[in-house]
Structures are given as structure tokens and as C-alpha cells.
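What follows is the structure, given as C-alpha cells:
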């Protein structure tokens, strides 16, 4: 069974700080997606990474896919309260496996 | 364009009962997937439908079933409810399904089993 472990599980930081969230697996994936879920809503796709070593930027968010396509990271620069939410990675396989999640809270 | 809608938003049932949840996908989307989200197990894939056919299935018991209609609307049914079925049930639609396709999630149905 493929597992996607995310770390840290919880993160509470002050506005303006930087942070990195990790998504790790022992399996190789053809692609990996990152989602953010806010309370009372479903997850919203942030980005899809496909190529090993790929780096994608979305405003203050930087996503990286590991060279071996087994891991990924999400870095947020100068976090804002609007970044608060549950961050989920998802494997690019037909079993739609989601990571264990990182719950981020950014304090004003 | 309207997003994915799910009804009802909240539901309370007792053990042993059955429940049916509904999902209306974004217009033009032919694939609907269902997920269960709990604090302990996270977000887990239930099944995926495309053009009225179940194309993919997760590791859930047979008490969990679903179907899709010709207009792409989907329903999922849980029979003989157990306390552990309390969860947020999410549906997601996409144009054609598959892991490369972007899924758009609805707000979910919060099911509480007493």
C-alpha cells in the first residue's frame, strides 16, 4: 500500500515567517499534487508537479518535486493569515492517495 | 460556472440505518469521485465514476456503494451505518477523470452516526 507521510502534522507560526511542509513516500510517482483545504470547504488544487527536480512557484508558494519522484516540499515565504488551512499532497496514481496532511495556522 | 454541489450538507443518523448522499458535478464534467475524510484516517478515496460506470474503487467494505446517472450526477449509499462511518464525505468532479485530471471538490456532507 502506498503511503504519503506529511510533516509536520501541525504548524503554528506568526505572520511573516517562512515555513516548509514535506510529503514523503517510499514509492515513485508519475506526478504529485498539492491541495489546500479551508474549514467547511473541500480541498482546492494548488499545483501539479510532474518532472523529477521540478520547481513551481505560485506567488509566495514554492513547490518542489524530488529528483527521484518520491517526495515533494511546499515552501511558503512570508506567511499570511490567509494561508491558514490544511495542506494535502496527493499521489498521481489511480488510487488517489492523499497524504496525512499538515494543518497550518498563521497568527496575525 | 457553478461549482460542485453536495446535498445534504449535514446529516445525523443512527447505527444500522442507511444513508444516501448526492453530488452534482460542474457542468460538462463526466467524472465524479467520492472521498471519506476523518481526523484519524485522513482523506481516503472511495470510488470514481465516469459515464455511469464505476471505473475505480478504494478499499472500503461493500456497505459503501455508489452510482452515476446519465446527467453525471452521482449518489453514494452507505448501508447498515456504523459509528465509524461518521465523517465528512466529499465528492469531486473532473472532465474525464484519472490522476492527471484536475478534480474540483464540493463542500462535503458531514455525516454523524449516533
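Chains as they are written, first to last, in my numbering: chain A, -1 to 106; chain B, 16 to 129. The beta carbon of each residue, even a glycine, is placed where N, CA and C say it ideally should be. Fair warning: this is a prediction, and the values are worked out from it, not measured in the lab.
Below-9 Å beta-carbon distance, residue i vs any chain B residue
| i | result |
| --- | --- |
| residue 49(A) | no |
| residue 89(A) | yes |
| residue 68(A) | no |
| residue 99(A) | yes |
| residue 43(A) | yes |
| residue 82(A) | no |
| residue 60(A) | no |
| residue 18(A) | no |
| residue 75(A) | no |
Chain A contact residues for residue i, given Cβ-Cβ distances below 7 Å
| i | result |
| --- | --- |
| residue 122(B) | 38, 39, 40 |
Short CB-CB distance (under 9 Å) between residue i and chain A
| i | result |
| --- | --- |
| residue 90(B) | no |
| residue 60(B) | yes |
| residue 83(B) | no |
| residue 73(B) | yes |
| residue 64(B) | no |
| residue 173(B) | What the structure shows of chain B is the stretch from 16 to 129, and residue 173(B) is not part of that stretch, so it cannot be assessed. |
| residue 117(B) | yes |
| residue 93(B) | no |
| residue 128(B) | no |
Cβ-based neighbour list, residue i, same chain, cut-off 6 Å, excluding 5 preceding and 5 following
| i | result |
| --- | --- |
| residue 69(B) | 62 |
| residue 37(B) | 22, 90 |
| residue 101(A) | 8, 84 |
| residue 22(A) | 3, 69 |
| residue 27(B) | 127 |
| residue 129(B) | 29 |
| residue 108(B) | 19, 40, 41, 44, 47, 119 |
Buried or exposed (CB count within 10 angstroms, at least 16 for buried), residue i
| i | result |
| --- | --- |
| residue 104(B) | buried |
| residue 53(A) | exposed |
| residue 31(A) | buried |
| residue 124(B) | buried |
| residue 58(A) | exposed |
| residue 100(B) | buried |
| residue 83(B) | buried |
| residue 1(A) | exposed |
| residue 56(B) | exposed |
Three-state secondary structure (DSSP) of residue i
| i | result |
| --- | --- |
| residue 98(B) | helix |
| residue 69(A) | strand |
| residue 64(A) | coil |
| residue 83(A) | strand |
| residue 26(A) | coil |
| residue 89(B) | strand |
| residue 66(B) | coil |
| residue 107(B) | strand |
| residue 35(A) | strand |
| residue 125(B) | strand |
| residue 24(B) | coil |
| residue 19(A) | strand |
Same chain only: Cβ atoms within 7 Å of residue i, ignoring 5 sequence neighbours per side
| i | result |
| --- | --- |
| residue 58(B) | 50, 52 |
| residue 67(A) | 26, 27, 50 |
| residue 66(B) | 45 |
Proximal chain A residues relative to residue i, where beta-carbon distance stays under 8 Å
| i | result |
| --- | --- |
| residue 114(B) | 28, 29, 89, 90, 91, 92, 94 |
| residue 48(B) | 94 |
Chain-ordered chain B contacts of residue i [CB-CB under 9 Å]
| i | result |
| --- | --- |
| residue 86(A) | 57, 58 |
Spatial neighbours of residue i in its chain, beta-carbon cut-off 8 Å, leaving aside the 5 residues before and after
| i | result |
| --- | --- |
| residue 33(B) | 92, 93, 94, 95, 96 |
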